[in-house]
Amino acid sequence: MKVVVLLGAPGAGKGTQAPLLSGRLGIPVVATGDLFRAAVRDGTPLGLEARRFMDAGQLVPDQITVRLLLDRLARPDAEAGVILDGFPRTGMQAKALDEALADRGAVVCAAVLVDVAAEELVRRMSGRWVCRAAGHPYHEVSSPPRVEGTCDLDGSELYQRTDDRPETIRARLAQQLGALDDVLEHYRTSRVLRTVDGLQPIQDVADAVAAAVNGAGACAD
Ligand code: AP5
Ligand code: MG
32 MKVVVLLGAP GAGKGTQAPL LSGRLGIPVV ATGDLFRAAV RDGTPLGLEA
82 RRFMDAGQLV PDQITVRLLL DRLARPDAEA GVILDGFPRT GMQAKALDEA
132 LADRGAVVCA AVLVDVAAEE LVRRMSGRWV CRAAGHPYHE VSSPPRVEGT
182 CDLDGSELYQ RTDDRPETIR ARLAQQLGAL DDVLEHYRTS RVLRTVDGLQ
232 PIQDVADAVA AAVNGAGACA D
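Counting the sequence shown from 1 gives a position; this note's numbering is that position plus 31.
Take a look at the structure:
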């Protein structure tokens with residue numbers, strides 16, 4: 032089982048890069064933010080609980096998030112491996128993932144940080160539009176869709192996330208960057224952390240992410 036973790040601050044480009052890497056590696060993307068947004072849209076009890084935290088720019092508590100992720104990893108399409116976007120976000124989540132993978136004889140073979148400066152994060156999130164069907168991200172200046180308001184990949188409508196309002200963007204950056212440091216430290220210790228410059232054009236970032244994964248010995252099989 033090949034497990035690659037994409038790390039980065041809110042708005043760094045994880046959701047842009049994850050499908051590109053998925054196309055190269057042939058394994059699916061699992062994005063906890065997308066799973067939570069689907070639960071919110073469906074009005075499930077989990078969605079109602081998660082929404083309170085998401086709208087406040089806070090992380091959803093570890094217990095809820097870990098259960099959601101492990102249920103998703105148990106599905107058959109995750110057997111050969113996954114690209115994780117937005118998980119783990121805390122040291123506790125990183126440990127829980129390691130333990131669950133150890134039960135299957137697997138490890139995180141690469142954790143790739145898409146590194147982007149804070150001012151640019153605000154610009155990226157405030158101009159972002161995502162599609163209803165699959166959350167594919169666009170940017171009104173740097174990455175517009177071919178037809179305004181419509182996803183290039185699946186034709187669904189584009190909308191702006193409620194947590195991309197200026198005050199929520201500020202809250203997300205203020206409240207989540209500290210936890211990201213703990214996750215970086217976790218993967219530095221296990222020697223699978225790689226960093227790519229996320230300020231490059233999207234395709235160049237994609238090439239750097241792929242090179243980082245291919246260069247990680249544990250990802251080869
Ligand atoms: P989540 O959906 O994961 O949001 P996030 O981490 O805040 O990250 P974003 O999706 O905002 O950014 P991204 O890195 O995917 O950037 P994107 O590719 O879209 O989580 C949402 C919420 O759910 C959290 O706040 C939390 O409440 C909860 N949650 C989720 N997971 C959790 C967990 N594990 N634990 C606890 N709570 C959790 O790109 C951004 C913009 O930039 C786009 O417009 C894009 O077009 C543009 N762009 C991308 N790359 C480039 C480039 N190279 N050059 C120019 N523009 C670019
Ligand atoms: Mg995302």
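Think of the CB as a built atom: it goes at the ideal place given N, C-alpha and C, for glycine as much as any other residue.
Given 7 Å as the limit, tell me if A70 has its C-beta closer than that to any heavy atom belonging to the ligand MG.
The residue given as residue 70 occupies position 39 in the sequence shown. False, no ligand heavy atom lies under 7 Å from that Cβ.
Here's a check: name, in chain order, each residue in its chain whose Cβ is nearer than 8 Å to the Cβ of Q206, leaving out the five neighbours to either side.
Working through the sequence shown from its first residue, we reach residue 206 at position 175. Excluding residues within five positions, the ones whose Cβ falls inside 8 Å are G88, Q89, L90.
I want to check one thing, is the minimum distance from the CB of A205 to the heavy atoms of the ligand MG below 7 Å?
Stepping through the sequence shown from its first residue, residue 205 is reached at position 174. No, since every heavy atom of the ligand MG falls outside the 7 Å radius drawn around the Cβ of A205.
Thinking just about the alpha-carbon of each residue, which of D195, A210, M32 is nearest to the one in E110?
Here residue 110 refers to the residue found at position 79 of the sequence shown. Among D195, A210, M32, the Cα nearest to that of E110 belongs to M32.
Please classify P119 as buried or exposed, where buried requires at least 16 other C-beta atoms within 10 Å of its C-beta.
Taking the sequence shown and counting its residues from 1, one reaches residue 119 at position 88. So P119 ends up on the buried side.
Say yes only if the C-beta of G44 is nearer than 7 Å to one or more non-hydrogen atoms of the ligand AP5, and no if none qualify.
Residue mapping note: residue 44 aligns to position 13 of the sequence shown, counting from 1. It does: the Cβ of G44 is within 7 Å (strictly closer) of some heavy atom of the ligand AP5.
Check whether the Cβ of G229 lies closer than 7 Å to any heavy atom of the ligand MG, and answer yes or no.
Locating residue 229 in the sequence shown gives position 198, counting from the first residue. False, no ligand heavy atom lies under 7 Å from that Cβ.
Does the ligand AP5 have even one heavy atom less than 7 Å from the beta-carbon of V35?
Start at 1 with the first residue of the sequence shown, and residue 35 comes out as number 4. The answer is no for V35.
Integer Cβ distance of G180 from E188, believed to fall under 8 Å:
Counted from its first residue, the sequence shown places residue 180 at position 149. Counted from its first residue, the sequence shown places residue 188 at position 157. Between E188 and G180 the Cβ distance is about 6 Å, and since that is below 8 Å, they are a contact.
Closer than 7 Å to a non-hydrogen atom of the ligand MG - does that hold for the CB of A62?
By one-based count along the sequence shown, residue 62 stands at place 31. Yes, since a heavy atom of the ligand MG falls inside the 7 Å radius drawn around the Cβ of A62.
When you compare only the Cα positions, how much space is there between L104 and Q231?
The residue given as residue 104 occupies position 73 in the sequence shown. The residue given as residue 231 occupies position 200 in the sequence shown. Their Cα atoms are separated by approximately 31 Å.
Should D195 be listed as close to the ligand MG, given that the test is whether its C-beta is under 7 Å from any heavy atom?
For the purposes of this step, residue 195 is identified with residue 164 of the sequence shown, where counting begins at 1. False, no ligand heavy atom lies under 7 Å from that Cβ.
Option nearest V227 by Cα separation, candidates L208, R201, A237
As a position in the sequence shown, residue 227 is number 196, starting the count at 1. Out of L208, R201, A237, A237 has the C-alpha closest to the C-alpha of V227.
Contact the stretch 161-169 vs the stretch 112-132: 3+ CB pairs below 8 Å:
no
Cα-Cα separation, D195 to G117
As a position in the sequence shown, residue 195 is number 164, starting the count at 1. As a position in the sequence shown, residue 117 is number 86, starting the count at 1. One C-alpha to the other measures close to 16 Å.
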